[in-house]
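For the sequence shown, position 103 matches number 100 in the working numbering, and the numbering has no gaps at all. Heads up: the structure comes next, in structure tokens.
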Amino acid sequence: MRPLSIIYTTHNEIDIIERSLATVAGWSDDLVVVDSFSTDGTAELLAGRPDVILRQRAYQGPAEQKNWAIERARHEWILLLDADELVTPALRQEIDALLAAAELPYDAYWIGRDNHFMGKRIYHSGWAGDKVVRFFHRDRARYDGKQVHEEIVTEGLRVGWLRGRLEHYTFKSLEHFLDKTRRYARWSAQDYAARTPRVGFYHLLVKPVYRFCKHYLLQGGFRDGREGLMISAVLAWGVFLRYAYLLTGRR
């Protein structure tokens, strides 16, 4: 069987990292966590684990941090995870089967994610079709340069699908959701700066309203109850903040 490298990038993940690590226990001799100087005890916890290779590095951006780790992976095939993602037994078995095969037919693989918010599984609200490329060949895949929602560049790659899924516990609380949305909006403003020469009424009102309607009505957020309403409203607020940061940053 081919060996597997597992990579995490972390910052202040003390609440969830052990749950995620438990789902990959005993799977790899190259389990690397690149931590951007956590202050909540995450680094100390990881330093005490003999199965984890801890590397601390200043954070310059999500894609840059992940690409740095990918280039240093010991093995050709990589599973890259966030601390709030849990590998299901079915996904682990499927990856093992691929690693044991004579040849892998693809360079990278999409993996679907089941999202949870405030302890509840979210079936709608635009999160139902969530997917990420997280299992890939080290020498063929790299992340794009986005500050928010960075993705593996799939152009020119053979990309397949895995049936197994990740359990994604993305927001622990409403406060956590708000903090993360504010941070993402600030970073997203950098991504949108070049393609938004002027911020106006359309960006500050029409786009946020449309985003709310999209998640809550078109994508069935109302079917997720109060959690769906909060998701839709906060994501719309994030769109407003993106352009507000972009507007004020140009003054």
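We treat Cβ as the ideally placed atom computed from N, Cα and C, and that holds for glycine. These numbers were taken from a predicted model, which means no experiment stands behind them.
Rounded to whole angstroms, the separation of the alpha carbons of P194 and L88 is 44 Å. The Cβ atoms of A182 and P205 lie no closer than 8 Å to each other. By a beta-carbon distance limit of 8 Å, K143 contacts A60. Their separation comes to about 6 Å. DSSP, reduced to helix, strand and coil, places A191 outside both helices and strands of the structure shown, so it counts as coil. Counting C-beta pairs closer than 8 Å gives three or more between the segment 63 to 70 and the segment 24 to 31, which meets the contact rule. DSSP places V21 in the coil class of the three-state scheme, outside both helix and strand. In the DSSP assignment, Y166 falls outside any alpha helix (DSSP H) and lies within the beta strand (DSSP E) extending over V156 to F168. In its chain, beyond the 5 residues on either side, L238 have a beta carbon closer than 7 Å to the beta carbon of R179. The shortest C-alpha to C-alpha distance from G126 to any of A230, H212, R137 and Y199 is the one to H212.
Taking every protein chain shown into account, the CB of G123 has 16 or more other CB atoms within 10 angstroms, so this residue is buried.
Annotated three-state conformation of T39 is helix, per DSSP.
Cβ-Cβ distances below 6 Å link I11 to D37, G38 and T39 in the same chain, with the five nearest sequence neighbours on each side left out; the list follows chain order. Counting C-beta atoms within 10 angstroms of its own C-beta, R110 has 16 or more neighbours from the protein chains shown and is therefore classed as buried.
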